[in-house]
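Q: Take this structure, written in structure tokens, and hold onto it; I'll ask about it next.
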Amino acid sequence: MNEHMGSSLDSFLDEEQLLAQSEAIAIKRVIAFRLEQEMAQQQLTKADLARRMGTSRSALDRLLDPDNTSVTLLTLEKAATALGRHIRIELAA
49 MNEHMGSSLD
59 SFLDEEQLLA
69 QSEAIAIKRV
79 IAFRLEQEMA
89 QQQLTKADLA
99 RRMGTSRSAL
109 DRLLDPDNTS
119 VTLLTLEKAA
129 TALGRHIRIE
139 LAA
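Next up, the structure:
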């Protein structure tokens, strides 16, 4: 019998020690999507945003890569500021 039958996906991922990684990827995908939406709304190219951030186009590509979770808060803050936005982070129960 399957030991995970009837358990939630979160509990399964937690047991397999994959929950934190899965959540990080999901969060990063949302962030990348929102940044690209804001760029489109402001009609900014990647080169434009990289220039505003004072970074390289390849660094911006890593930020916009939905599967790359290795992004710093400083980079996120630079992107938000360059787009006239703010980053808001909270610890939730």
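Read left to right, the sequence shown gives residues 49 to 141 (the numbering used here). The C-beta atom is built at its ideal place from N, Cα and C for all residues, glycine as well.
How is the alpha helix (DSSP H) around residue 75 delimited, first residue to last?
A: Run containing residue 75: 67–89, per the alpha helix (DSSP H) assignment.
Q: Mind the definition here: the segment 95–102 touches the segment 117–137 only if three or more C-beta pairs lie below 8 Å; say whether that holds.
A: The segment 95–102, when compared against the segment 117–137, does touch it at the 8 Å Cβ threshold.
Q: For the alpha helix (DSSP H) that residue 56 lies in, which residues bound it at each end?
A: Looking at the DSSP string, residue 56 is not in any alpha helix (DSSP H), and its letter there is neither H nor E.
Q: Here's a check: name, in chain order, each residue in its chain whose Cβ is nearer than 7 Å to the Cβ of residue 117, leaving out the five neighbours to either side.
A: Cβ within range, chain order: 72, 73 and 76.
Q: Below 8 Å on the Cβ atoms is my contact criterion, and I expect residue 80 with residue 114 to pass it. Report the Cβ-Cβ distance as a whole number of Å.
A: Confirmed, Cβ separation roughly 4 Å.
Q: Mind checking whether the beta-carbon of residue 65 lies closer than 8 Å to any heavy atom of the ligand GDP?
A: For the ligand GDP, the structure offers nothing, since it holds no ligand at all.
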